[in-house]
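Chemist: Attaching a single structure in structure tokens format; questions to follow.
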Amino acid sequence: MLFAFVLCAGLVMTSCETADPAGKDPNNSDIIVFADPIVKQSCVYVFDTDGDGEISYGEAAAVTDLSDITLRFVKEFLTFDEFQYFINVKSIPNDLFKECNYLESIVLPKSIQTIGSNAFRECTSLKNIEFQEGLKEIGMEAFFGCHSLTKIEFPEGLETIGDHAFVGCRSLTNIEFSEGLETIGSLAFLSCTSLTNIELPEGLKEIGGDAFYSISLTSIFVKAEIPPYFSYSPFPFNDVMTIYVPSNKVDVYKNTDNWSRYHKYIVGYNYENNKVVE
34 MLFAFVLCAG
44 LVMTSCETAD
54 PAGKDPNNSD
64 IIVFADPIVK
74 QSCVYVFDTD
84 GDGEISYGEA
94 AAVTDLSDIT
104 LRFVKEFLTF
114 DEFQYFINVK
124 SIPNDLFKEC
134 NYLESIVLPK
144 SIQTIGSNAF
154 RECTSLKNIE
164 FQEGLKEIGM
174 EAFFGCHSLT
184 KIEFPEGLET
194 IGDHAFVGCR
204 SLTNIEFSEG
214 LETIGSLAFL
224 SCTSLTNIEL
234 PEGLKEIGGD
244 AFYSISLTSI
254 FVKAEIPPYF
264 SYSPFPFNDV
274 MTIYVPSNKV
284 DVYKNTDNWS
294 RYHKYIVGYN
304 YENNKVVE
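Convert by adding 33 to the 1-based position in the sequence shown; the result is the number in my numbering.
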């Protein structure tokens, strides 16, 4: 069976930045070595401009736009860590890897600024995704139903996590939010049932309603000096949960609209010394 990308309307390819040939073919330093032969075959079909049956770092770097690409047989993909060499692609279009059920690992290029809606929806085998600095926005339902993910490290500079972005990621036990994050969308981490502790960054401005609903949270660390805005409750109410806020802002949190609903859960925390303040 031939596995291939089908070009749908004019792939934009220009001579841009040159890729760094890491992981190179020992016999040809300019050729990308693909771990997954199906991915290689697909990429060759679309991006092989010189007809040699290979993808060079230069050919990968020439790709700037994936919006007119339709991925066929994407459900057969296993790993696509070589995506990192497409260093001039700025956006992952909506639905691009949707229901790619066998995909286990992918490394994004540093150039990616936005991940579109449903881009990785229900990639049920996805265990590893490496985000790079430069990413600004994760779209709505981008990782909905990716229930094999166990850990996520968001890059510095990420500003927005969209509504429903990680719903149902039930194996997720650790999230490392980065400074610079401003908005977490509504229902963003709904039913991430293995998640018990979160630390929200200092610059966070808004948390969507029910963002962390249906989760048995025990510890929520909120580093923001100014209480992030929310219109309705982002966290569940349970007897084992504690919300740790800057020790000099306890009264501010307890008396801020909506945060006051969590009055009995809020305690002071010294983030410099990592100590609870009674």
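Backbone N, C-alpha and C define an ideal beta-carbon position, used for all residues, glycine too.
Would you decide whether Val-96 is buried or exposed? Buried here means 16 or more other CB atoms lie within 10 Å of its CB.
Modeler: Under this definition Val-96 is a buried residue.
Chemist: If Phe-164 sits next to Glu-186, beta carbons under 8 Å apart, how far is it from one beta carbon to the other, in whole angstroms?
Modeler: Their Cβ separation, rounded to whole angstroms, is 7 Å, which keeps Phe-164 and Glu-186 in contact under 8 Å.
Chemist: What is the DSSP secondary structure of Lys-160, reduced to helix, strand or coil?
Modeler: Coil.
Chemist: Tell me whether Phe-116 sits in a helix, a strand or coil according to DSSP, three-state version.
Modeler: In this structure, Phe-116 counts as helix in the three-state DSSP scheme.
Chemist: Only counting the same chain, and skipping five residues up and downstream in sequence, which positions put a Cβ closer than 7 Å to that of Phe-130?
Modeler: Same-chain partners within the cutoff: Val-107, Leu-136, Ala-152, Phe-153 and Cys-156.
Chemist: According to the neighbour-count rule (16 or more other Cβ atoms, all chains shown, within 10 Å of its Cβ), is Pro-279 buried or exposed?
Modeler: With 16 or more Cβ atoms within 10 Å of its Cβ, Pro-279 is classed as buried.
Chemist: Determine the extent of the beta strand (DSSP E) in which Val-310 is found, giving its start and end residues.
Modeler: From DSSP, the beta strand (DSSP E) with Val-310 extends over 308 to 310.
Chemist: Excluding the 5 residues flanking Pro-260 on each side, which residues of the same chain have their C-beta closer than 7 Å to its C-beta?
Modeler: Once the five neighbours on either side are set aside, the close Cβ partners of Pro-260 are Val-285, Tyr-286, Thr-289 and Trp-292.
Chemist: Considering only the alpha carbon of each residue, which of Ser-264, Val-283, Tyr-277 and Ile-248 lies closest to Asn-271?
Modeler: If we check each option's Cα against that of Asn-271, Ile-248 comes out closest.
Chemist: Have a look at Gly-167 and Pro-126 and give me their C-alpha separation to the nearest angstrom.
Modeler: Cα-Cα distance, rounded: 16 Å.
Chemist: Can you check DSSP and say which residues form a bridge with Asn-207?
Modeler: In the DSSP output, where bridge partners are listed per residue, Asn-207 has Lys-184.
Chemist: Just how far apart, CA to CA, sit Leu-141 and Ser-124?
Modeler: Rounded to the nearest angstrom, the two C-alpha atoms are 10 Å apart.
Chemist: What does DSSP give as the partner residue(s) for Ser-252 in the beta ladder?
Modeler: Beta-bridge pairing links Ser-252 to Asn-230 and Thr-275.
Chemist: Going by DSSP, which residues form a beta bridge with Gly-301?
Modeler: Its beta-bridge partners are Val-278 and Val-310.
Chemist: Per DSSP, what kind of secondary structure is Ser-75 in: helix, strand or coil?
Modeler: In this structure, Ser-75 counts as helix in the three-state DSSP scheme.
Chemist: Go through its chain and collect everything with a Cβ distance to Phe-67's Cβ below 8 Å, but skip five positions before and after it.
Modeler: So the list reads Lys-73, Cys-76, Ile-88 and Glu-115, once near-sequence residues are dropped.
Chemist: Please confirm whether Gly-195 and His-180 have their CB atoms less than 8 Å apart.
Modeler: No, the pair does not count as a contact, with Cβ atoms beyond the cut-off.
Chemist: Mapping DSSP to helix, strand and coil, what is Val-200?
Modeler: In this structure, Val-200 counts as coil in the three-state DSSP scheme.
Chemist: State the DSSP-derived secondary structure class of Asp-284, mapped to helix, strand or coil.
Modeler: Here Asp-284 sits in helix by DSSP.
Chemist: Is the beta carbon of Ile-240 sitting closer than 8 Å to the one on Phe-210?
Modeler: No, these two residues do not count as a Cβ contact at 8 Å.
Chemist: Just to confirm before moving on: does the CB-CB distance between Glu-109 and Ile-139 stay below 8 Å?
Modeler: Not in contact: Glu-109 and Ile-139 (Cβ atoms no closer than 8 Å).
Chemist: Would you tell me roughly how many angstroms separate the C-alpha atoms of Pro-59 and Phe-113, rounded to the nearest one?
Modeler: Residue confidence for Pro-59 is low, a pLDDT of 49 falling below 50, so the modelled location carries little weight and cannot support an answer.
Chemist: Between the Cα of Gln-277 and the Cα atoms of Gly-301, Asn-306 and Pro-234, which residue gives the shortest distance?
Modeler: According to the sequence provided, residue 277 is Tyr. The question's Gln does not apply to it. Nearest of Gly-301, Asn-306 and Pro-234 to Tyr-277, Cα basis: Gly-301.
Chemist: Which residues in the same chain have their Cβ closer than 8 Å to the Cβ of Gly-242, if we skip the five residues on either side of it in sequence?
Modeler: If we look at Gly-242 and ignore the five residues flanking it on each side, its Cβ neighbours are Ser-219, Leu-220, Phe-263, Ser-264, Tyr-265, Ser-266 and Pro-267.
Chemist: Can you give the Cα-Cα distance for Pro-54 and Ile-64, rounded to whole angstroms?
Modeler: Unreliable placement is indicated for Pro-54, whose pLDDT of 47 sits below 50; no coordinate value is reported for it.
Chemist: Mapping DSSP to helix, strand and coil, what is Ser-293?
Modeler: Ser-293: helix per DSSP, three-state reduction.
Chemist: Please list, in chain order, all residues of the same chain as Leu-191 whose beta carbon is under 8 Å from its beta carbon, the five residues on each side excluded.
Modeler: Phe-164, Leu-168, Lys-169, Glu-170, Ile-171, Ser-211, Gly-213 and Leu-214.
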